[in-house]
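As structure tokens, the structure follows; a few thoughts come after it.
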Amino acid sequence: MARFPIVTTLPTSIGGGADSMALAYLSKQWETSEPDEISVTALVVDHKAREESTREAQMVSQWLKDIGIKSEVLELTWPEATKVTAFETHARRLRFQALGKACRELQIEALLMGHHQDDTVETTIWRLCTGAKGAGLAGIPQVTRIPECHGLYGVSESGSSYTIPSKQQPQRHTTISTGGILICRPLLSYPKTRLLATCHENNIPYVSDPTNFDPTLTPRNAIRSLLSNNQLPKALQPPSILSLVKSSQSLLTTSTTLSNTLLQTCKLTHLNLPSGSLILHFPKTPTPLLTSSKNPHERTHQLQCLTLRRITDLISPFPENHFPLRSFESFTHLVFPSDTQVPHTQKKPFTLGGVLFQPLQQRKSKDNAATKEAQEKSPDDKDIDGNAWLLSRQPFMRNRLPTLRVEVPFSDTSVKYTSWNLWDNRFWVRLAIVPGQGSSGGTMDGDVGGVEKVPKGGEGVSLFIRPLQPSDLQVIRRVVDERGGNPGRKKTDPALVALMERLARDAPGQTRFTLPLVVVEKGPCGLEYDLPVALPTLDLWIPEMWESLQISRLWKLQWEWMYKMIDNEPLELMGWL
1 MARFPIVTTL PTSIGGGADS MALAYLSKQW ETSEPDEISV TALVVDHKAR
51 EESTREAQMV SQWLKDIGIK SEVLELTWPE ATKVTAFETH ARRLRFQALG
101 KACRELQIEA LLMGHHQDDT VETTIWRLCT GAKGAGLAGI PQVTRIPECH
151 GLYGVSESGS SYTIPSKQQP QRHTTISTGG ILICRPLLSY PKTRLLATCH
201 ENNIPYVSDP TNFDPTLTPR NAIRSLLSNN QLPKALQPPS ILSLVKSSQS
251 LLTTSTTLSN TLLQTCKLTH LNLPSGSLIL HFPKTPTPLL TSSKNPHERT
301 HQLQCLTLRR ITDLISPFPE NHFPLRSFES FTHLVFPSDT QVPHTQKKPF
351 TLGGVLFQPL QQRKSKDNAA TKEAQEKSPD DKDIDGNAWL LSRQPFMRNR
401 LPTLRVEVPF SDTSVKYTSW NLWDNRFWVR LAIVPGQGSS GGTMDGDVGG
451 VEKVPKGGEG VSLFIRPLQP SDLQVIRRVV DERGGNPGRK KTDPALVALM
501 ERLARDAPGQ TRFTLPLVVV EKGPCGLEYD LPVALPTLDL WIPEMWESLQ
551 ISRLWKLQWE WMYKMIDNEP LELMGWL
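In UniProt numbering, the protein residues as written are 1 to 577.
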């Protein structure tokens, strides 16, 4: 049975507006017509910002009950010190997070909201006032991912997964995150007058918030007042604005199609998501995209910006479309050739959209293992000195390393993983401490360093996830030497040699210092450590480290990880899938 919730949100002053109540009524009619397919649940948000908010939420809940809709009241919990000036921002974030978590608990994937045609007109006029263009004038999307919930597993771009193979090692697959809650707006094609009429004709109660019509309170209110009093010129009246929105949506569709054509001229020869890197051959000659355009050069430049953003989003530690297209304008000529470009220009590394671009011919052989492997397996080896680039996460800024502390309890019987956590906006990770030997990827053989007794129930290990750093490699080499009693052992130790070879192959150069590293901070009985033990995305243990812990004989660390949600279409168009 498909289950769709209806959201009745309470604005700052009051709730139960005509749009929400009309949506509730229409959804109930839908449920009645298809009782075996549709189940409607209403979510009412109690903002807890005013004394009256709880009473208002209960009133709306009763209205929904009278219609025949079951509802759930979600009470927001406010931070103790919330600045008044940031009230709307906090309220929006808390509201969507409460809605998202409720949908996750109810196992609901689509959330219906009551935005209507008037909202589209008002939003577009406001965006025109702020200088928006292109996608900014395409109106309110009918379907979009839930906002303000980034990093909430099962709510934002997560909750499920799929795998993609590695062309270099077909037996290995990378798990990719997918899922999350979608916002759906089925009433966008209807003006508010239609929704008011629906409520009146069917005796559906609703409340009108007088503050929504005070033009002195907000710019949105001022726009609404001008529209209702027909005080705007014809070019800014609803028919003209809706025509502009339709044209902008058509432009977006065309832009995506042309961007797809440009992506097909690029060839992805190496994709290593465990290390967050790829090797891409950009076209060596200009790609004609437009035969009829008033300004083909400018339009082509816009399409190159869009395409470059879609590529960087595969690797970037920032959310999708985080950077505006204008931030890509000064870089397109570095990877996309043009008729006016000087040939044989010396290529240099650059950073864009959270991604480090490195021209392959500039890379030194000692750090070129991953590049070499990709070249050997690529049919375009002869093009390696043309326009091929290694893309990886940009180096971390000093004193701004992404960190994550996780308390992992001991599991006496079955494996009990921690909740999924998003590290560096790129990797979902969860961990477990289990008796004896665990399964692949999160366990280690060996029984060095035993314990006198099994830790008491409830105790666990404090782990810290941060990037691998050069100092970690120095510590590892020193520990290997000290434990072996041989100052030169680090040169011949099989585990250390295997680790360094794996890093050279899968995370060459500075790329290795963007990998997540699991560090043991504190063990049972309060014992403090600072031991790097594993590189989870490479499924690698750090030599000698776990064995040095007292718990290593009877307890093993396990982990699971997934790469962030990405758009597969560029991978398909660039020849990887």
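Where a beta carbon is used, it is the ideal one built from N, C-alpha and C, also for glycine.
Pick helix, strand or coil for residue i, following the three-state DSSP scheme.
i: tyrosine 563; result: strand
i: lysine 522; result: strand
i: glutamate 572; result: helix
i: leucine 515; result: coil
i: glycine 441; result: Because the pLDDT at glycine 441 is just 47, under 50, the model does not fix this residue reliably, and the value given afterwards should be weighed accordingly. Of the three classes helix, strand and coil, the one that applies to glycine 441 here is coil, per DSSP.
i: serine 160; result: strand
i: proline 470; result: helix
i: aspartate 530; result: strand
i: glutamine 361; result: helix
i: glutamine 558; result: strand
i: residue 596; result: Outside the shown range of the chain, which is 1 to 577, sits residue 596, and nothing can be said about it.
i: residue 580; result: Lying outside 1 to 577, the shown extent of the chain, residue 580 is not represented and no answer is given.
i: valine 479; result: helix
i: serine 27; result: helix
i: serine 327; result: helix
i: leucine 463; result: strand
i: leucine 137; result: helix
i: leucine 356; result: strand
Which first and last residues belong to the alpha helix (DSSP H) in which residue i is found?
i: cysteine 305; result: 296-312
i: leucine 503; result: 494-506
i: glutamine 117; result: 117-129
i: cysteine 199; result: 192-201
i: valine 335; result: 332-335
For the beta strand (DSSP E) that residue i lies in, which residues bound it at each end?
i: arginine 352; result: Rather than arginine, the amino acid found at residue 352 in this sequence is leucine. First-last of the beta strand (DSSP E) with leucine 352: 350-352.
i: glutamate 407; result: 404-409
i: threonine 389; result: Reading the sequence as shown, one finds tryptophan at residue 389 and not threonine. Run containing tryptophan 389: 388-393, per the beta strand (DSSP E) assignment.
i: asparagine 421; result: 421-423
i: histidine 173; result: 173-178
i: isoleucine 183; result: 182-184
i: threonine 537; result: Neither: threonine 537 is in no beta strand (DSSP E) and is coded neither H nor E.
i: threonine 144; result: 143-145
Work out the CA separation of residue j and residue i for me, nearest whole Å.
i: proline 79; j: arginine 93; result: 12 Å
i: asparagine 387; j: leucine 308; result: 14 Å
i: lysine 522; j: proline 274; result: 27 Å
i: histidine 112; j: valine 355; result: According to the sequence as given, residue 112 is leucine; it is not histidine. C-alpha separation (whole angstroms): 35 Å.
i: arginine 405; j: isoleucine 241; result: 49 Å
i: glutamate 157; j: aspartate 481; result: 44 Å
i: glutamate 51; j: arginine 299; result: 54 Å
i: proline 219; j: tryptophan 126; result: 8 Å
i: glutamate 37; j: histidine 116; result: 25 Å
i: alanine 135; j: threonine 340; result: 29 Å
i: alanine 534; j: leucine 289; result: 47 Å
i: leucine 473; j: leucine 499; result: 10 Å
i: serine 419; j: valine 143; result: 28 Å
i: tyrosine 25; j: lysine 101; result: 24 Å
i: leucine 540; j: valine 519; result: 13 Å
i: leucine 76; j: isoleucine 181; result: 19 Å
i: isoleucine 183; j: phenylalanine 96; result: 10 Å
i: alanine 22; j: threonine 413; result: 52 Å
i: cysteine 149; j: arginine 104; result: 12 Å
i: serine 247; j: leucine 64; result: 38 Å
i: glycine 575; j: lysine 294; result: 32 Å
Hey, would you say residue i sits closer than 8 Å to residue j, going by beta carbons?
i: isoleucine 311; j: proline 570; result: yes
i: phenylalanine 410; j: tryptophan 546; result: no
i: phenylalanine 396; j: proline 516; result: no
i: leucine 195; j: alanine 18; result: yes
i: glutamine 558; j: valine 415; result: yes
i: proline 349; j: leucine 401; result: no
i: proline 543; j: leucine 496; result: yes
i: isoleucine 315; j: serine 277; result: yes
i: threonine 123; j: isoleucine 140; result: yes
i: valine 44; j: alanine 98; result: no
i: serine 338; j: threonine 511; result: no
i: leucine 280; j: cysteine 266; result: yes
i: glutamine 264; j: leucine 573; result: yes
i: proline 317; j: aspartate 424; result: yes
i: glycine 179; j: glycine 151; result: no
i: tyrosine 206; j: glycine 16; result: yes
Is the closest heavy atom of the ligand ADP to the C-beta of residue i under 7 Å?
i: glutamine 249; result: No copy of the ligand ADP appears in this structure; indeed no ligand is present at all.
Handout entry: Within the region 204-292, ranges of the beta strand (DSSP E) (whole runs, at least 3 residues)
Key = 267-272 and 277-281
Handout entry: Any beta strand (DSSP E) of 3 or more consecutive residues that is wholly inside the region 31-103
Key = 38-46 and 70-75
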